[in-house]
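Read the structure below first, then the notes.
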Amino acid sequence: MGDIPAGTVEQVLEALPLVAARFPPIKLAISRLGIFPNTRRPRVLWAGLTGELEALSELQSAVDDMVGRLELPKEQRPFSPHLTLGRVRRETSESQLRKIGEIIADAAPPSAEPWTANTVNLMRTELDPIGSRHYLVGTAAIGGG
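Letter by letter, the sequence shown follows residues 1 to 145 of the numbering used here.
As structure tokens, this is what we get:
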């Protein structure tokens, strides 16, 4: 979901539990580390996911359909299941960018226990010169539990 007008948050909070309840909890695990957009110009450090990705994509598609029914702007980028771990500051030097890219490219896959995603969280992000801040706005149980 992309940016939504503040006045429509209540509509989303009412509709989200109805969508999430239609899906069972989803088993996921971290598969690898990566960076967007590429190793030469890293901007976002992320962890790729494995597990029940088809179920996760179906849930994302249902949320996207809900957003469309509410006549809200949809996310235009294709869905790419991942966890954002951090962002590289704009003032980072070229040599530091290269080093970050090399470290991530050479990193061994992380070892992390699989988990079950059982909620969908609506988050608000505030962009700030010192970094992004994320706030939980609401939660909907996957499976209605």
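The beta-carbon is built from N, C-alpha and C at its ideal position, and this holds for glycine as well. Bear in mind that the values here come from a model prediction, so they are computed numbers and not experimental data.
For the beta strand (DSSP E) holding residue i, just list the boundary residues, first then last.
i       : result
Ile-26  : 26-36
Arg-133 : 133-141
Val-88  : Here Val-88 belongs to no beta strand (DSSP E), and DSSP marks it neither H nor E.
Glu-156 : The structure shown does not extend to residue 156, since the chain is modelled only from 1 through 145, so no value can be given for it.
Check each candidate in the options and name the one with the smallest Cα separation from residue i.
i       : options                        : result
Gly-101 : Thr-119, Thr-8, Phe-36         : Phe-36
Leu-136 : Ala-112, Glu-126, Arg-40       : Glu-126
Leu-59  : Ser-95, Arg-40, Ser-93, Val-19 : Val-19
Ala-6   : Met-123, Ser-95, Glu-94        : Met-123
Can you grab the Cα-Cα spacing for the pair residue i / residue j, in whole Å?
i       : j       : result
Asn-38  : Val-44  : 9 Å
Met-66  : Ala-29  : 26 Å
Pro-114 : Leu-85  : 17 Å
Gln-76  : Gly-144 : 28 Å
Thr-50  : His-134 : 24 Å
Asp-3   : Val-12  : 12 Å
Ile-104 : Leu-72  : 36 Å
Glu-91  : Ala-107 : 24 Å
Between which residues of its own chain and residue i is the CB-CB distance below 6 Å, once the five residues before and five after are set aside?
i       : result
Asn-157 : This structure gives no information on residue 157, because the portion of the chain shown stretches from 1 to 145.
Pro-17  : Ala-140
Ser-132 : Thr-125
Ala-55  : Ile-26
Thr-116 : Pro-25, Lys-27
What first and last residue would you give for the alpha helix (DSSP H) that runs through residue i?
i      : result
Arg-98 : 94-106
Glu-14 : 9-20
Glu-54 : 53-69
So, residue i versus residue j, is the Cβ gap smaller than 8 Å?
i      : j      : result
Arg-32 : Pro-81 : no
Glu-52 : Lys-74 : no
Ala-21 : Leu-70 : no
Ser-57 : Phe-23 : no
Ala-47 : Leu-83 : yes
Could you pull out every residue in the same chain whose Cβ sits closer than 7 Å to the Cβ of residue i, ignoring the five residues on either side in sequence?
i       : result
Met-1   : Val-63, Val-67, Glu-75
Asn-121 : Leu-136, Thr-139
Val-9   : Val-137
Within a Cβ cutoff of 8 Å, which residues of the same chain sit near residue i, ignoring the five residues on either side of it in sequence?
i      : result
Pro-42 : Ile-35, Phe-36, Val-88, Leu-97, Ile-100, Gly-101, Ile-104
Arg-40 : Leu-97, Arg-98, Gly-101
Any heavy atom of the ligand PLP closer than 7 Å to the CB of residue i?
i       : result
Thr-116 : The ligand PLP is absent from the structure shown, which contains no ligand whatsoever.
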